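Let me begin by presenting the structure, written as structure tokens, before commenting on it.
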Amino acid sequence: TEENEIVMQNEKKKLSLEEFYVLSQTYESDSESHLKLWEKAAEMYPQDEVANLNAANSAIIKKDYERALLHLSVAERLAEATYLKGVIEVLRKNYETARPYLEEAASKGIKEAQETLDNMLKHWKLIVEDVVYDEQSRNL
120 TEENEIVMQN EKKKLSLEEF YVLSQTYESD SESHLKLWEK AAEMYPQDEV
170 ANLNAANSAI IKKDYERALL HLSVAERLAE ATYLKGVIEV LRKNYETARP
220 YLEEAASKGI KEAQETLDNM LKHWKLIVED VVYDEQSRNL
């Protein structure tokens, strides 16, 4: 792994996708080095779906949703990409837009998608109930 890191710093063109994966395991998942690593992997392997999926995750952590969506466009046939599109919309508070992405991802077996959808719908219901209650209070 140390060798991979040295290669990464000096001659980035030499790393295979497998080596990127091995190297990524040496970093905390939300560390700047980890995030930069997957950006570099997607740059070096622009058509690789997994590299772009990981780069999208990195962009989401940085709250760079537009960049994440660009990476997800490469991986859009993957259920995980559909899930991440839903996550981005939830983070943007676009619940109506998020719902079909999460439902599709859940139907394709992404367990986290169903959990996110359930949590979103509970939250959304509370918001709607709060707005209705507030409106009723004003009319009294």
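Per our numbering, the sequence shown starts with residue 120, numbered consecutively. We put the CB at the ideal spot given by N, CA and C, even for glycine. Treat the numbers as computed from the prediction; the structure is a model and nothing was measured.
- In the DSSP assignment, A200 falls within the alpha helix (DSSP H) that extends over A198 to L210.
- Note that the C-beta distance between H153 and Y164 is not below 9 angstroms.
- With fewer than 16 other CB atoms across the displayed protein chains lying within 10 angstroms of its CB, S150 is exposed.
- Distance from the CA atom of N176 to the CA atom of W157, rounded to whole angstroms, is 9 angstroms.
- In the three-state DSSP reduction, N173 falls in the helix class (H, G or I).
- In the assembly as shown, N171 is a buried residue. Its beta-carbon has 16 or more other beta-carbons within 10 Å.
- Taking all protein chains shown into account, K204 has 16 or more neighbouring C-beta atoms within 10 Å of its C-beta and is therefore buried.
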